[in-house]
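One structure is given below, encoded as structure tokens.
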Amino acid sequence: MLNRTNTPILKSIETIDFVKPKIYDISKSARLFFMKEVPNDTSRIDLYFDAGTMKGNLGIAAFVNGLLLSGTKEKSSMLIHNELDALGAFHESTISHENAIISIYALKENLIPILRLYKNAIENVIFDPQEVEELINDRKQKFRVNMEKVSFLAQRVFQNQLFDGSPYGRVLNAEDYDNLSIAEMKLFHKEHYMNGLTKVVVVGDMAQDEIDEIIDLTGTWATEGISEFEKVLVNRKEKTHVEKLGALQSAIRLGKILFNKSHEDFIDFQVLNTILGDYFGSRLMSNIREDKGYTYGIGSMLAELHETGYFLIATEVGKDVKDATLKEIQFEIERLKADLVPQEELDLVKNYLLGQLLKSADGPYSMIDLYMGLEPYGLDMEFYNESIRKIQRITPERIRELAQKHLNWEDFTIVSAG
Amino acid sequence: MIHFERFKLKNGLTVLFHKDVTTPMAVVNTLYNVGARDESEDKTGFAHLFEHLMFGGSVNIPDFDAPLQMAGGESNAFTSNDITNYYDVLPAHNLETALWLESDRMLSLGFTPKSLEVQRNVVIEEFKQRYLNQPYGNVWLELRPLAYRVHPYKWATIGKEISHIEEAVMEDVQAFFKKHYTPSNAILCIAGNFELEYIEEMVNKWYGDIPAGNLNSRMLPCEPEQTEFREKIIESNVPADAFYYAFKMAERKNQEYYLADILSDALGRDKSSRLYNSLKKDQKLVSEIGAYITGSIDNGLLVISGKLNEGVSFNMLDRALWEELEIIKSKAMQEDELARLMIKIRTAKEFQDQGLLNRAMNLCIFELLGDANGINEEHEIYHAIRPHHILEAAKTILQPRNCSLLKVKATSNVE
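Here the protein sequences come in this chain order: B and C. The opening position of the first sequence corresponds to residue 16 in the numbering used here, with each subsequent residue numbered one higher. The opening position of the second sequence corresponds to residue 4 in the numbering used here, with each subsequent residue numbered one higher.
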């Protein structure tokens, strides 16, 4: 008779093969990272520009980013998109506080022709007034739609208070869209795109002469400088509620400035963070979703910035249980500070994290993302081998110590909207 | 080419095995041939609620997730109008843990009252978070019953209304399990670096003794052909007027399905598409516009949706849209336009096929449609499509009497 009550014997993960990309210098400070080991015809290129939302006047960075393919003297935006689509290009532009990243996904034989089209379009963009006006209208409408979402309302106030008084904390208002000038856009484009390329990532089975051509094509944009980011950020320790009439749910954002991978507590804190709120069986999920049924989901994370990082808990809950949820979040944090985590729970989280690490090193696309997560901090793949060892060694005492050190309720910025 | 092996157990379970020697991970994907279309009209949202309960412990194992996490893995699931799909991703050397867990919940659930009570609340919060407390979130709750009069596609997977979920009782849950969660109603796909013999041994060990259960035949009411243009206006507290033109199209296993897919791409997939260029760039009527198909197994919908620019009326949009549709209905597209659409489809497929989980899921879906090898035949189907085929499909599909239009009017724009 088959024994269905006991779990089959488990094997644990001891080592993972981490593969480093090949690195080329594009200029004094810009580099290209190349991962060749792709077993099929797919390829990807990412272009990193020093053109994040912290740069320039409020709103300008996102605007210029949205207008990069809006047309040149020779080609309308329509024609540019026609040509890109004729090569099967999938492309997206993501913008964060610190960077603007253009990512292109294509079959490898089309990657360089697409890059050439992109280069021509970006270099020669004219910021046609009609295109600018259209984008302003589109963005205004999107902004009004977003302002109807409790998650958006909570997030913008949270961001403002978390990065109190810093350019990281600037949030856009509807009227800011009317203060943007084309002259300003052209200047931003020149400074942050034409002379702002910081990194290029290439994944795909490309030949050496193709890599050389990518270096030639992108080299003219390479930055000569090194961009500086704020080292010290301090969150405002405050509790704020944003009222929204008619809302059925309240969004909650709660967090504090913490640290990134270059801090010695980083890896151990990730274990603590996972126990608290970063997997399906986490304490926050078990209590607030699986026991109380207050929410569809709740999670915590440690987000990284160039010089620092922040800890965040986010959820959307029934409007009537907002305060009850905050009470339970506090209860779970205090519990981690007061009691030792049971060994069985800690073992589970260790195994889970090692499994996730194995998954995040599976295949060339995942592997390069792992590496690029280290690169800003001057770390190399040894960091992940060290992570495996630290995860294997961590004790309940260490978890409690970290909770006591980093998770004090009085230190949090707490925002709700709904 | 995606290789696979297929075998069947005596209890009716279909098993697919996809070997990939390059990955240290394994995927266990289980597709149950049950979706929201199998619900009765007074108990909607049940297939999806049930998906939540599948994580509430099985007959011999009190907790589904913890043992999987202990094995370094994770799991999730989704419900559509057609199917319910569960997947586990874990390190390959712990494959057996996933088979142990999945086979036990196929054998029987724990059916604890606590699980039902909590998941009812969780799903109600999901209902609010995704459908009621989002601008335009209720659109599909309105559009489905407008487009479908008889077929169960007329309700959304989340359910028609919250009360159906509130009223779910344990008796319903047990009956639902007994009817739909049988081996013969499931397709299992295992993907990873294994040998076929090992997979056969493991699957027989864990699934072999699950009773076959009753055969479940599906009898769904057939949606009669639409003969009139339908229109509904709702007012909503949103910032901009929005429109949804839903055209009836063929079922998944019909060639017209692929034609409609390309037709929707031509109309509104990318910034090079016809509607984007004509209605947004040239005429400046809309802030956003797109076209897509619902991808359902029974007769689906081709949807054109977007938002109006300020000062533009629904009538202005309507005139311009039908003019554009007349063009695609009267003249076959040029070869270069078709080539542009095809290269995007091919590129997208190459990227989708990269992921182990995607491959396992798609093999199950094609097996459900009749043959897992369909995953390798789609390319040929697309390849054989010529401009005149798409012209014919456009003529059939893009007719007013085949269309249901939902207008969402912003409260602030109501005079």
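Beta carbons: idealized from backbone N, C-alpha and C, even for Gly. All values derive from a computational prediction rather than experimental measurement.
Any C-beta of chain C under 8 Å from that of residue i
{"i": "Pro54 of chain B", "result": "yes"}
{"i": "Pro144 of chain B", "result": "no"}
{"i": "Val217 of chain B", "result": "no"}
{"i": "Val430 of chain B", "result": "no"}
{"i": "Ile50 of chain B", "result": "For the record, residue 50 of chain B in the displayed sequence is Met; it is not Ile. No, Met50 of chain B lies away from the interface with chain C (no Cβ there is under 8 Å from its Cβ)."}
{"i": "Pro128 of chain B", "result": "no"}
{"i": "Ala339 of chain B", "result": "no"}
{"i": "Ala136 of chain B", "result": "no"}
{"i": "Met459 of chain B", "result": "This structure gives no information on residue 459 of chain B, because the portion of chain B shown stretches from 16 to 433."}
{"i": "Phe33 of chain B", "result": "no"}
{"i": "Asp153 of chain B", "result": "yes"}
{"i": "Thr22 of chain B", "result": "yes"}
{"i": "Leu287 of chain B", "result": "no"}
{"i": "Asn188 of chain B", "result": "no"}
{"i": "Ile28 of chain B", "result": "yes"}
Exposed unless 16 or more other CB atoms sit within 10 angstroms - verdict on residue i
{"i": "Tyr201 of chain C", "result": "exposed"}
{"i": "Lys131 of chain C", "result": "buried"}
{"i": "Cys406 of chain C", "result": "buried"}
{"i": "Val24 of chain C", "result": "exposed"}
{"i": "Arg277 of chain C", "result": "buried"}
{"i": "Val216 of chain B", "result": "buried"}
{"i": "Lys357 of chain B", "result": "The question names Lys, yet the displayed sequence has Pro at residue 357 of chain B. Flag for Pro357 of chain B reads exposed."}
{"i": "Met28 of chain C", "result": "buried"}
{"i": "Gly324 of chain B", "result": "buried"}
{"i": "Ser196 of chain B", "result": "exposed"}
{"i": "Ser316 of chain C", "result": "exposed"}
{"i": "Glu418 of chain C", "result": "Low confidence applies here, because Glu418 of chain C scores a pLDDT of 47, under 50, leaving its location unreliable and the question unanswered by this model."}
{"i": "His167 of chain C", "result": "buried"}
{"i": "Ile330 of chain C", "result": "exposed"}
{"i": "Gln371 of chain B", "result": "buried"}
{"i": "Gly308 of chain B", "result": "buried"}
{"i": "Arg362 of chain C", "result": "buried"}
{"i": "Gly86 of chain B", "result": "buried"}
{"i": "Ser43 of chain C", "result": "exposed"}
{"i": "Val206 of chain C", "result": "buried"}
{"i": "Ile292 of chain C", "result": "buried"}
Chain B within 8 Å of residue i, Cβ atoms only
{"i": "Ile86 of chain C", "result": "no"}
{"i": "Glu418 of chain C", "result": "Caution applies to Glu418 of chain C, whose pLDDT of 47 falls short of 50 and renders its modelled position unreliable; the model cannot decide the point."}
{"i": "Leu135 of chain C", "result": "yes"}
{"i": "Gln258 of chain C", "result": "no"}
{"i": "His96 of chain C", "result": "yes"}
{"i": "Gln286 of chain C", "result": "no"}
{"i": "Glu383 of chain C", "result": "no"}
{"i": "Val24 of chain C", "result": "no"}
{"i": "Gln72 of chain C", "result": "yes"}
Bounding residues of the beta strand (DSSP E) (the contiguous stretch that carries residue i)
{"i": "Leu305 of chain C", "result": "Leu304 to Leu311"}
{"i": "Met50 of chain B", "result": "Arg46 to Met50"}
Distance CB(residue i)-CB(residue j) smaller than 8 Å
{"i": "Leu112 of chain C", "j": "Leu56 of chain C", "result": "yes"}
{"i": "Ser187 of chain C", "j": "Leu146 of chain C", "result": "no"}
{"i": "Val53 of chain B", "j": "Val165 of chain B", "result": "no"}
{"i": "Thr235 of chain B", "j": "Ala45 of chain B", "result": "no"}
{"i": "Leu254 of chain B", "j": "Ile95 of chain B", "result": "It should be pointed out that residue 254 of chain B corresponds to Lys in this sequence rather than to Leu. Contact flag unset, no."}
{"i": "Lys214 of chain B", "j": "Phe48 of chain B", "result": "yes"}
{"i": "Tyr35 of chain C", "j": "Ala189 of chain C", "result": "yes"}
{"i": "Leu83 of chain B", "j": "Ile141 of chain B", "result": "no"}
Endpoints, alpha helix (DSSP H) assigned at residue i
{"i": "Pro94 of chain C", "result": "Per DSSP, Pro94 of chain C belongs to no alpha helix (DSSP H); it is in the beta strand (DSSP E), Thr87 to Pro94."}
{"i": "Asn152 of chain B", "result": "Pro144 to Asn161"}
{"i": "Lys88 of chain B", "result": "Careful: Lys88 of chain B lies outside any alpha helix (DSSP H) and carries neither H nor E."}
{"i": "Asp224 of chain B", "result": "Gln223 to Gly234"}
{"i": "Phe180 of chain C", "result": "Met173 to His183"}
The ligand GTP heavy atom lying under 7 Å from the CB of residue i
{"i": "Gln145 of chain B", "result": "Ligands are entirely absent from the displayed structure, and the ligand GTP is therefore not among its contents."}
* **the region 326-335 of chain B touching the region 248-265 of chain B, judged by at least three CB pairs closer than 8 Å** => yes
* Asked: Between the region 400-412 of chain B and the region 275-287 of chain B, are three or more C-beta pairs nearer than 8 Å?
  -> yes
* Say whether the region 171-190 of chain C touches the region 60-80 of chain C, bearing in mind that this needs 3 or more beta-carbon pairs closer than 8 Å, one atom from each stretch. => no
* How about the region 114-130 of chain C and the region 147-154 of chain C: do they share at least three Cβ pairs that are nearer than 8 Å? -> no
* State whether the region 101-116 of chain C contacts the region 19-26 of chain B, with contact taken as three or more CB pairs (one from each stretch) at a distance under 8 Å. => yes
* To do: Pair every Cβ in the region 383-395 of chain C with every Cβ in the region 250-263 of chain C, then say whether three or more of these pairs are closer than 8 Å.
  => yes
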